[in-house]
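Below: the structure, in structure tokens.
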Amino acid sequence: MPAESVSTHSELGASIDELVDRAVSAINRGDPTTATALAGQVLAIDHANADAEDLLSAAPGVGGEIRRLTILFADVVDSTVLSTRVEPEIYRLVVGGYRDIVSRTVDGYEGHIGSTKGDGLLAVFGHPTAHENDVKRAVHAGLDIARGVARLSEQTHRRFGFDIAVRVGVHRGLVYLDTAQDDVYGLAANLAARLSGLAAPNSVVVSNPVAALVRNDFELEEQPAAPVKGVAGLIAHHRVDSERAERPAGVHGPLVGRHRELAQLHAHWRRAQAGALKTPGLFFCGEPGVGKSRLVAEATDLVKQSGAVVLELAGSPFHTHVGLHPVRALLERRCGITREIDPAERLRLLRAEIVARELDPNTALPALAPVLGIGPEHGYEPVEAEGRRLEQLITSTVRSYLTSCLSDAPALLVAEDLQWFDPPTLEVVEAMLNAGSGQLLVVLTSRDEKSLPNDWQLEQFDLSPLTDEEADELIGALDPTASADERAEVRRRCDGVPFYIEQVLAGLHMAPSDGTQVPDALYEPLFAQLRAGNNVVPVVEAAAVIGRNIDRSLLIAVVDLDEQEVDEVIDRLMDAGVFERTGNGGCRFRHELLREVADELAPPSVRRALHAKVADALVNAMTGDPDWPLVASHYEQGARHADAASAYQAATAAARRRGALAEARTYLTHALTQVEQCPPGPDRDHREVAPRLERGYLTATAEGAQSPVAAADFERCLQLAGTNLRDDELFATLPAVGAYYLWRSDLRRADSLLQAAQAATEHGREWFRPALAGSAGIVAWLRGEFDTAREYFEQATGLAEEYEQRIQAIWFVPHDPVALAHEHLAWYRLVQGDLTGAEVQLKRAVDRASQLGYPQKPYNHLYAIDMDIWVCAETAQYDRARELVREIADTAERYGLDYLYWQLLGATEKAMVDGLAAIAVRNRDPASLGPHIEAMTQVIEVWQALGASTYRPFYWCILGRLLIAGEQVDQARARLDTALQFAADTGVRFYDAELLRARAQTHAESNARADDLAAAREVARRQGARLFEIRASLDDFELRGEPARRHLIDAIGKIPKDSRLPELARARAVLR
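According to full-length UniProt numbering, the stretch in the sequence shown is residues 1 to 1072, in order.
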């Protein structure tokens, strides 16, 4: 062993930090061997230690595996004393005989001598040759060594007059196996050496982990726990007295203990064949290894033997958040699509399959192509739908496709591993269950019932472990020679799990001892299957990283072997029962536990490199879009954080194309997590901007521009930008953050950011000015500067078409500047008295929204509807306003924007419209307004709690009018005073004239009323709000009569003669 190997010289009590420090020192003094040994010790204790991994990377030629090995340590009793009592030549002869005994015995049991320094010999079992019973081989070897040395002692005593004895210790645990230096490092190696010191001369002791694995094969006697040097606490150990009879390895047996399930399966299939199946689903639920897949295989065989169709949807742990992935896998199998096929050919194969199923390619192809990751640029027109509507259309087409595959005949649909199904796929399965044909049997499996909706039409079977009687039946079928004691031991250790029983009877009886993922009792028999010849380790390590289902071409791209060598290894693994064939020339691990054992082999540095190579291969080998979430996951596990972030951003784009807004935001969050793992510096800061901007944008789209979550992203971008606005993405943060401050009525900060953005357009971004003009128009509009706002809005509507795409690429405000301009120009036309002009602008806003992509299209459409509601409310069109309120809710749900913000907005506008309509009722009972006052109060309080205050004056004015009509004048005045003070404090004065006019009604004194009405009229004149001016003048005329006539005449003269405003007709009537 190396000079500072843990098995010879290291102190076990040394901390990980101390070991790392010593390894660094070894590197610095040019001793990579010692550095490797020390790093191996660290990894054996903490196999994800990054410092140790870096040290191993720094040492040239280092290669190794993380393994659970059985270690035997044999040491001569009192060898130092013996060496002083006899002549050196005799000592060498005797000790040489001892060494020969150890070497021959270890070789005989196919172990491996890993260290031959001094009189202590260390042997490992499980490397380089692995067996399903290496622990038992080690203990057998220990007993044979003790017996052999006892015989040697007798010969030595007769010949030389002294005795020689050996102590043997056997331990099993996690080690770092240095394949280049042929050595092991870690606590397990040192503990084996220390453990041997607890043995009596010419005897064998084993540690607790070993005893738990061999107690059915050897006679053990528990010894008092004892201390050993360098290990805290007492060490429990057992003396091995002798062997017990070995059990023969078992074989796979029949399906046992599932009589009820099998009976129902056969009964359901008979009913399906008769077209009389009323409960189509059979759901098998239970832990891994309990027999779910065996029942699925039974169902598949039963149906195939009848010549009927079998469709299989299988969940994947790598795709739990990717929409319709089980459907994609099914489509690829049925279409004959493999990774090497380019998108155009994929599309052709999909079209052929659709035609073969007698579906309409014009409707089915655009819906199914996105499921296969085929973009419209490869030859089809995309569906004209977005968000939730698009998702529903796709799932509906999937259902039609599955139905067409069944050919209106008895058939089986398998939905395996529902715990990994995404919601759209679950909807598909539910629809197939509800199809009601009476001919379709649906067999479902899951590890738990949480993945299953409560109202599905199925019969559920919770698969419990086998009872003792059933386990005995299975054991008897697998191994008729098993004794009663052996059967009892298997039952105790395997807890009735059929797969565990099979494996234990194959040669191993262990329980987990080190907290690793694969149960310790199954490790060696599974690992022995993996050791199917040369080059197996690199292949199974790579395959384990790829996943349970292995794409052959991907495996070849990742492994550093040629194609023929990889195929030879795959064939050997097939023969060993590690792999099994799947469709399209692929293969998969026969059991997930086999994959987990293979995954445990690679040290962290090797595993990371493999993940990165898999990701690179997925990206480079695909001619179309790869599976970006899977690529990102591999880059993430490969510690290629920047590439992982980019892949998650690509996954975001794919999710947005499917209308999956929540999924897209999740990917952006993952991208930001990966960016945070990148080295600090300008490059990381720059990488952070794009996903933050997009996440803030999508959040604002879903939850409204006032969202504090979106604001946090935008403000972080602003912080990253600093004063450097040369980069477009950093420049784009200014209007995005400005929009948030507008929603919070912080006009000063919003204006400051917009001015900074305007200044930045003077250096090559003149094309961006019309977009900024829309935001500047909002600032002016909120301030009540309506004419100035109009000028800005008209600039925004003149956005040049050639700059449109360029602006959209860096516009991270959900509100499109052109649509926003048309919406507020509608308000401008309204307050000018031009209702027809307002309606024209609203139509233009809707038309503009329809030209945008998702999610801007629904967002801007919704806001155009909202402004239309305001226009209708201001002009007493309450019935139409109510229709528009309902449209807001329907549109938001249709596009998948069913978040709190849109629900709250709909509730707010409903309370406002219903309240105004109630005020307009003649001869009303003031008490009848109570519910309307309560509703308006509640929505205002919610908006205040959310911090959104931009339109507070408008809604407070409505509430004030409700309170006045409800004869709660004092409360109304208090509300209106607060609203006017808010307007004065924030500069949000677009509704000042109406607030003053409403407050006038709260005064008992006519002079006070007249003062507020005069103030309202003056504000309206100054703002150019002719509608508000004529309203104030009407109220003044009704209050003062003739002295106010000239003001009313003047106001009428400013309104277009053909205006449809109700106030104009009323004013003309009162002047007659």
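Glycine residues also receive a C-beta, built at the ideal position from the N, C-alpha and C atoms.
Bear in mind that the values here come from a model prediction, so they are computed numbers and not experimental data.
Starting from residue i and walking both ways along the beta strand (DSSP E), at which residues does that stretch end?
{"i": "Ala314", "result": "Val309 to Ala314"}
{"i": "Phe579", "result": "Phe579 to Arg581"}
{"i": "Ile281", "result": "Before going further, note that residue 281 is Gly rather than Ile in the sequence given. Here the beta strand (DSSP E) through Gly281 covers Gly281 to Cys285."}
{"i": "Phe125", "result": "Leu121 to Phe125"}
{"i": "Thr666", "result": "Not the beta strand (DSSP E): Thr666 falls in the alpha helix (DSSP H), residues Leu661 to Glu676."}
{"i": "Thr445", "result": "Leu440 to Ser446"}
{"i": "Asp462", "result": "Leu458 to Asp462"}
{"i": "Val414", "result": "Ala411 to Glu416"}
By a C-beta neighbour count over all protein chains shown, 10 Å radius and 16 as the cutoff for buried, is residue i buried or exposed?
{"i": "Val62", "result": "With a pLDDT of only 49 at Val62, under 50, the local geometry of the prediction cannot be trusted, and the value read off the model is given with reservation. With 16 or more other Cβ atoms within 10 Å, it is buried."}
{"i": "Val168", "result": "buried"}
{"i": "Gln564", "result": "exposed"}
{"i": "Pro2", "result": "With a pLDDT of only 34 at Pro2, under 50, the local geometry of the prediction cannot be trusted, and the value read off the model is given with reservation. So Pro2 counts as buried."}
{"i": "Thr582", "result": "exposed"}
{"i": "Ala314", "result": "buried"}
{"i": "Asn620", "result": "exposed"}
{"i": "Val1070", "result": "exposed"}
{"i": "Val251", "result": "Its pLDDT being 37, under 50, Val251 is placed unreliably in this model, and the value from its coordinates should be taken loosely. Classification of Val251: exposed, given that the 10 Å Cβ count is below 16."}
{"i": "Asp479", "result": "buried"}
{"i": "His509", "result": "With a pLDDT of only 41 at His509, under the threshold of 50, the placement of this residue in the model should not be trusted; the figure read from the coordinates follows. Burial call: buried."}
{"i": "Ile1049", "result": "exposed"}
{"i": "Ala59", "result": "Confidence in Ala59 is poor, its pLDDT being 49 and thus under 50, which makes the residue's placement unreliable; the coordinate value appears in the next sentence. Burial call: buried."}
{"i": "Lys136", "result": "buried"}
{"i": "Ala482", "result": "buried"}
{"i": "Pro248", "result": "Note on Pro248: pLDDT 33, under 50, position unreliable in the model; the coordinate value appears next. Result: exposed."}
Just verifying my parser: in three-state terms, what is the DSSP assignment at residue i?
{"i": "Glu222", "result": "strand"}
{"i": "Ala112", "result": "Inspection of the sequence shows that residue 112 is occupied by His rather than by Ala. In the structure shown, His112 sits in a strand (DSSP, three-state: E or B)."}
{"i": "residue 1127", "result": "Because the chain here runs from 1 to 1072, residue 1127 falls outside it and cannot be looked at."}
{"i": "Arg68", "result": "strand"}
{"i": "Ile550", "result": "strand"}
{"i": "Thr320", "result": "coil"}
{"i": "Glu261", "result": "helix"}
{"i": "Leu426", "result": "helix"}
{"i": "Asp75", "result": "strand"}
{"i": "Ala700", "result": "helix"}
{"i": "Ala620", "result": "Note that residue 620 is Asn in the sequence shown, not Ala. Here Asn620 sits in helix by DSSP."}
{"i": "Leu255", "result": "coil"}
{"i": "Val106", "result": "helix"}
{"i": "Gln832", "result": "coil"}
Could you say which of the options lies nearest to residue i if we only look at CA atoms?
{"i": "Leu69", "options": "Tyr91, Ala138 and Ala615", "result": "Ala138"}
{"i": "Tyr854", "options": "Tyr895, Ala409 and Asp847", "result": "Tyr895"}
{"i": "Ile164", "options": "Ser775, Ile101, Gly947 and Leu433", "result": "Ile101"}
{"i": "Leu742", "options": "Thr761, Pro708 and Ala759", "result": "Pro708"}
{"i": "Ala819", "options": "Ala1067, Gly323, Gly784 and Ala771", "result": "Ala771"}
{"i": "Gly585", "options": "Glu459, Thr338 and Ala664", "result": "Thr338"}
{"i": "Lys229", "options": "Glu219, Ala192 and Leu220", "result": "Ala192"}
{"i": "Gln903", "options": "Pro424, Glu287, Ala200 and Ile888", "result": "Ile888"}
{"i": "Ala484", "options": "Val497, Asp468 and Pro498", "result": "Asp468"}
{"i": "Leu406", "options": "Val558, Arg389, Leu311 and Asp472", "result": "Leu311"}
{"i": "Arg172", "options": "Val214, Ser103, Pro201 and Ala660", "result": "Val214"}
{"i": "Met912", "options": "Tyr955, Arg880, Ser928 and Gln938", "result": "Tyr955"}
{"i": "Leu835", "options": "Asp866, Ala876 and Leu862", "result": "Ala876"}
{"i": "Val846", "options": "Gly833, Gly120 and His861", "result": "His861"}
{"i": "Arg656", "options": "Leu618, Pro680, Ala232 and Thr699", "result": "Thr699"}
In the DSSP assignment, find the alpha helix (DSSP H) that holds residue i and state where it starts and stops.
{"i": "Glu332", "result": "His325 to Cys335"}
{"i": "Phe589", "result": "Premise fails: Phe589 lies in the beta strand (DSSP E), Cys587 to Phe589, not in any alpha helix (DSSP H)."}
{"i": "Asn362", "result": "Pro361 to Leu368"}
{"i": "Pro1062", "result": "Pro1062 to Leu1071"}
{"i": "His932", "result": "Gly930 to Leu946"}
- request: Note down, one range per segment and in chain order, each alpha helix (DSSP H) of at least 4 residues found wholly within the segment 846 to 918.
  value: Within the segment 846 to 918, the complete alpha helix (DSSP H) segments of 4 residues or longer fall at 856 to 874 and 878 to 894, listed in chain order.
message: As an exercise, report each continuous alpha helix (DSSP H) stretch of at least 4 residues that is fully enclosed by the segment 164 to 243, in chain order.
response: Taking only runs of at least 4 residues, the alpha helix (DSSP H) segments lying wholly in the segment 164 to 243 are 187 to 196 and 208 to 214.
message: Going residue by residue through the segment 962 to 1033, where are the continuous alpha helix (DSSP H) segments of at least 4 residues, counting only ones entirely within it?
response: Entirely contained in the segment 962 to 1033, the alpha helix (DSSP H) runs reaching 4 residues are, in chain order, 969 to 986, 992 to 1000 and 1006 to 1023.
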